[in-house]
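Our numbering puts the last residue of the sequence shown at 420; the count rises by one with no breaks.
Beta carbons are placed, not taken as given, at the ideal position from N, Cα and C, and that holds for glycine.
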Amino acid sequence: MYPTLYHAFHDLLGMDLQILKLLNTFGFFVALAFLAAARCLASELGRRHAEGLIPSTRRRVEPPRATTVFDVVLSGAVAFVLGFKFFGVALGEHKLQGGADTQRYLLSSQGHFWAGLLCGVAWMAYRLLELRSSRAVTKAAASKAAAGNTTASRAAAEPEFVEVLPPDHTMGITGAAALGGLIGAKVFHWLERPRTILEFFENPSFDAITAGLTIYGGLIVGGLFVYGYCRRNKLPFAQMCDANAPGLMLAYGIGRLGCQLSGDGDWGIPSVSEPPGVLAWLPSWLWSFDFPNNVIRQGVPMAEGGFPGYGTHLVPPVYPTPLYEVLAAFAIFGLLWYLRKRIQRPLMLFGIYLMLNGFERFWIEQIRVNSTYDLFGVAVTQAEIIAVVLFVAGAALVWTRLRATPAAPVVAPKPAPE
């Protein structure tokens with residue numbers, strides 16, 4: 003496993019880039035997941051707009067807030083901290099060992115002072131030039147308006163509007179999903195493992211905030227944030243759900259790939275038996291894997307090959323369930339991507355996504371390690387409960403959409419002949 007990108011580059015390419023120890027493998031794949039989802043969403047929004055399913059909107063042009071000296075100083079301070087920490091590792095002043103050592107470095111006063119100072123001063127100089135240029139443009143525009151006639155001045159005073167195409171909302175929707183998703187993933191993790199809340203207050207750390215994320219919590223709260231964004235920007239939420247469905251599944255698969263490569267604890271129950279004869283041709287690690295050098299440092303010390311700060315593996319080995327979910331998620335994404343142009347009824351594609359997502363997750367929970375609840379005398383996991391709810395909700399959506407009449411496309415009015 004590769005807890006950080008440093009370990010991956012060093013093991014696979016022989017490159018000793020200490021700075022990469024600041025980049026966790028799981029976090030890197032989460033970022034890739036959001037980028038992939040955003041790319042799929044932008045493509046779908048553009049296609050649905052061209053087909054008349056999602057109209058464009060109008061937005062009032064607001065003048066940008068004037069940059070102040072405080073903004074310049076604040077951005078310079080941020081540049082100083084980033085340069086201070088980055089070059090403290092990049093220039094070899096601090097050899098990070100990984101694990102808690104990396105976190106201690108980030109939260110310490112260690113770094114490269116002169117490199118940080120150079121970054122801060124250079125960025126402040128750039129912002130000052132930008133501020134000076136913007137003030138010159140504003141002054142010229144004010145002089146021009148004062149020299150114009152009354153009619154021109156009145157026209158200039160009226161608000162201006164700009165057309166906003168659906169793909170222009172891609173980053174806004176992705177940002178809302180990211181913020182809501184991270185909040186929901188952490189809150190649902192705390193609900194699933196209340197002990198981690200006490201552990202956080204007993205030993206607060208950056209890892210305690212970023213580690214432990216529940217995907218369904220992210221999906222639910224992230225969906226609520228996207229709904230609020232759509233309401234605020236007058237976007238058809240049903241079409242947005244369908245446009246997001248393939249990208250959500252692709253992002254899920256990429257995120258699970260990060261879980262597998264970092265060994266973040268989302269693994270299965272012990273796997274000590276031999277695979278069935280029909281699967282005997284598969285590599286042994288697909289059936290039983292010990293997650294060496296896992297990022298959460300669970301298991302027993304490795305006899306050899308351990309990374310400093312990590313160096314543990316699971317005994318006995320377990321099912322690599324994140325890898326199973328990667329394969330399932332990519333297959334479901336391919337199916338949804340194929341169906342996206344063939345299903346015209348709003349929310350039906352999203353209903354299929356919910357059904358397949360819930361089905362996949364429910365069955366993977368049968369061989370996955372997770373906290374359980376007692377529900378009417380039956381031990382179930384939080385993910386199993388949510389998976390069943392998602393499957394039922396998806397089936398209800400598909401059933402109601404099959405009974406509904408397809409919505410007519412939203413066609414923009416033709417301009418009047420001159």
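{"Check": "ARG60 classed as buried or exposed, judged by whether at least 16 other C-beta atoms fall within 10 angstroms", "Outcome": "exposed"}
{"Check": "For ARG62 and ASN372, the rounded distance between their alpha carbons", "Outcome": "49 Å"}
{"Check": "Contact under 7 Å by Cβ, ALA35 with GLY257", "Outcome": "yes"}
{"Check": "Per-residue burial, PHE378 [other beta carbons within 10 Å of its own, 16 or more giving buried]", "Outcome": "exposed"}
{"Check": "Supposed close pair LEU181, GLY220 - CB separation, criterion 8 Å", "Outcome": "About 10 Å; that fails the 8 Å criterion."}
{"Check": "Burial state of SER275, where buried means 16 or more other Cβ atoms lie within 10 Å", "Outcome": "exposed"}
{"Check": "Through-space distance from HIS315 to ILE298, alpha-carbon basis", "Outcome": "10 Å"}
{"Check": "Same chain only: Cβ atoms within 7 Å of ALA253, ignoring 5 sequence neighbours per side", "Outcome": "ALA35, PHE36, ALA38 and ALA39"}
{"Check": "Under the three-state DSSP convention, the category PRO285 falls into", "Outcome": "coil"}
{"Check": "With 16 other Cβ atoms within 10 Å as the buried cut-off, status of PRO415", "Outcome": "Low local confidence applies: a pLDDT of 48 at PRO415 is under 50, so the model's placement there is unreliable, with the coordinate-based value given in what follows. Exposed."}
{"Check": "Within-7 Å CB hit, ARG258 to chain B", "Outcome": "The chain inventory of the structure shown lacks chain B, comprising one protein chain alone."}
{"Check": "The region 70–90 in contact with the region 278–298 per 3-pair CB rule at 8 Å", "Outcome": "no"}
{"Check": "CB contact flag (VAL223, GLY174, <7 Å)", "Outcome": "no"}
{"Check": "Among GLY353, ALA178 and ASN359, nearest to PHE332 - alpha-carbon criterion", "Outcome": "ASN359"}
{"Check": "Candidates ARG347, VAL390, ALA385 and VAL394: closest to ALA406 by CA position", "Outcome": "ARG347"}
{"Check": "The region 384–396 touching the region 354–368, judged by at least three CB pairs closer than 8 Å", "Outcome": "yes"}
{"Check": "Supposed contact pair LEU43 and GLY267 - C-beta distance, whole angstroms, cut 8 Å", "Outcome": "With a Cβ gap of about 29 Å, GLY267 and LEU43 do not count as contacting."}
{"Check": "Same chain, Cβ closer than 6 Å to ASP292, five either side skipped, listed in chain order", "Outcome": "HIS315, LEU316 and PRO319"}
{"Check": "Endpoints, beta strand (DSSP E) assigned at THR383", "Outcome": "380–383"}
{"Check": "Where PRO324 sits in the DSSP three-state scheme", "Outcome": "helix"}
{"Check": "As assigned by DSSP and simplified to three states, the class of ARG61", "Outcome": "strand"}
{"Check": "Distance between GLU53 and ALA418 (C-alpha atoms, nearest Å)", "Outcome": "For ALA418, the predicted model reports a pLDDT of 47, less than 50, meaning its position is unreliable; a value from the coordinates is still stated below. ALA418 and GLU53: Cα-Cα distance of roughly 21 Å."}
{"Check": "Euclidean distance between Cα positions of SER264 and ALA178", "Outcome": "26 Å"}
{"Check": "Nearest candidate by alpha-carbon position, reference LEU1, set ALA282, TYR128 and LEU404", "Outcome": "Coverage of the chain is limited to positions 3 through 420, which leaves residue 1 absent and any answer about it impossible."}
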